[in-house]
DNA sequence: CATCTATTTGGCGATATGGCAAAATAGATG
DNA sequence: CATCTATTTTGCCATATCGCCAAATAGATG
């Protein structure tokens with residue numbers, strides 16, 4: 001595989017993670033998880049969408065490796081695996097202002 | 098407008114910028130512009146897609162405020178407006194490894 | 001094992017995205 | 001002003017995404 005292909009593959013991998021972040025609800029979830037582990041039902045209250053919708057957003061984040069879950073009785077507690085991804089929103093907010 | 102609405106609006110604005118970055122070709126373009134201002138035709142060679150496709154990607158980046166253009170004769174030179182957005186890909190690469 | 005609660009999964013319609021090709025535009029140059 | 005070059009815009013199709021609802025699942029508890 002030539003250099004160009006390697007680069008393309010690397011950018012595709014990065015893009016898929018970034019894409020997972022590129023949704024208002026998922027940003028809200030990530031920022032909420034920054035503070036503490038949270039169960040799905042609590043996130044649903046925060047987000048205000050149907051719980052199945054919230055669950056699907058969590059699946060997207062999980063597939064991207066951005067969050068992980070831990071079961072405790074009936075509840076699944078989600079947590080942020082990689083807090084550094086949120087530092088970057090500082091830069092974005094600077095861009096928007 | 099209540100607090101929740103304000104937050105939602107802020108996340109929507111952030112998400113739209115992040116979404117602009119969430120494509121392999123656009124990441125390639127941003128990383129290329131990090132090194133130097135570049136004209137569209139040079140980017141097309143780099144990317145390998147039709148020039149109209151590259152132009153559309155540049156429009157997406159421009160609308161997000163991530164790049165800006167400067168005309169010089171027949172050429173439009175694009176540049177990165179906010180290099181800090183690329184620091185964050187360090188963190189993403191760490192996540193992928 | 002029947003049932004309850006929390007969560008995920010499947011299905012569906014509406015809308016957005018990405019790529020190419022063709023047509024339009026903007027500015028430079030004869 | 002006719003023409004050339006670089007770039008953008010338009011149109012089209014295929015595919016992906018988002019949100020809801022209904023149905024399925026996983027584990028706890030009587």
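Residue numbers (the working numbering), protein chains in the order written: chain W, 1 to 97; chain R, 98 to 194.
Here a beta-carbon is modelled for each residue, glycine too, at the ideal position from N, C-alpha and C.
Note that the structure is predicted; figures quoted are calculated from it, not measured.
Separation of residue j from residue i, as counted between CA atoms
| i | j | result |
| --- | --- | --- |
| residue 47 (chain W) | residue 169 (chain R) | 48 angstroms |
| residue 157 (chain R) | residue 18 (chain W) | 15 angstroms |
| residue 56 (chain W) | residue 100 (chain R) | 25 angstroms |
| residue 190 (chain R) | residue 65 (chain W) | 12 angstroms |
| residue 70 (chain W) | residue 43 (chain W) | 15 angstroms |
| residue 77 (chain W) | residue 142 (chain R) | 47 angstroms |
| residue 134 (chain R) | residue 102 (chain R) | 39 angstroms |
| residue 146 (chain R) | residue 172 (chain R) | 18 angstroms |
| residue 52 (chain W) | residue 67 (chain W) | 17 angstroms |
| residue 194 (chain R) | residue 96 (chain W) | 30 angstroms |
| residue 54 (chain W) | residue 184 (chain R) | 29 angstroms |
Top-ranked residue by Cα proximity to residue i, from the options
| i | options | result |
| --- | --- | --- |
| residue 176 (chain R) | R:136, R:192, R:109 | R:136 |
| residue 20 (chain W) | W:96, W:85, W:95 | W:85 |
| residue 108 (chain R) | W:10, W:22, W:8, W:5 | W:22 |
| residue 34 (chain W) | W:89, W:16, W:52, W:53 | W:89 |
| residue 129 (chain R) | R:194, R:155, R:192 | R:155 |
Residue span of the beta strand (DSSP E) that contains residue i, given as start and end
| i | result |
| --- | --- |
| residue 67 (chain W) | 67 to 72 |
The alpha helix (DSSP H) enclosing residue i, as first and last residue numbers
| i | result |
| --- | --- |
| residue 28 (chain W) | 24 to 35 |
| residue 183 (chain R) | Element bounds for residue 183 (chain R): n/a, residue is neither H nor E. |
| residue 12 (chain W) | 3 to 21 |
| residue 62 (chain W) | 51 to 63 |
Nearest-angstrom Cβ-Cβ length linking residue i and residue j, presumed shorter than 8 angstroms
| i | j | result |
| --- | --- | --- |
| residue 138 (chain R) | residue 91 (chain W) | Not really, about 29 angstroms apart at Cβ, beyond 8 angstroms. |
| residue 121 (chain R) | residue 62 (chain W) | In fact, because the Cβ distance is near 22 angstroms, the residues do not count as touching under 8 angstroms. |
| residue 14 (chain W) | residue 127 (chain R) | Rounded, the Cβ-Cβ distance is 10 angstroms, inconsistent with contact. |
Query - Contact residues within the region 103 to 115 of chain R, judged by C-beta distance below 9 angstroms to chain W - result: 104, 105, 106, 107, 108, 109, 110, 111, 112, 113, 114, 115
Query - Residues within the region 114 to 139 of chain R neighbouring chain W, beta-carbon criterion of under 9 angstroms - result: 114, 115, 116, 117, 118, 119, 120, 121, 122, 123, 124, 125, 128
Query raised in the report: Which residues, taken in chain order from the region 67 to 85 of chain W, show a beta carbon closer than 8 angstroms to some beta carbon of chain R?
Result: 81, 82, 84, 85
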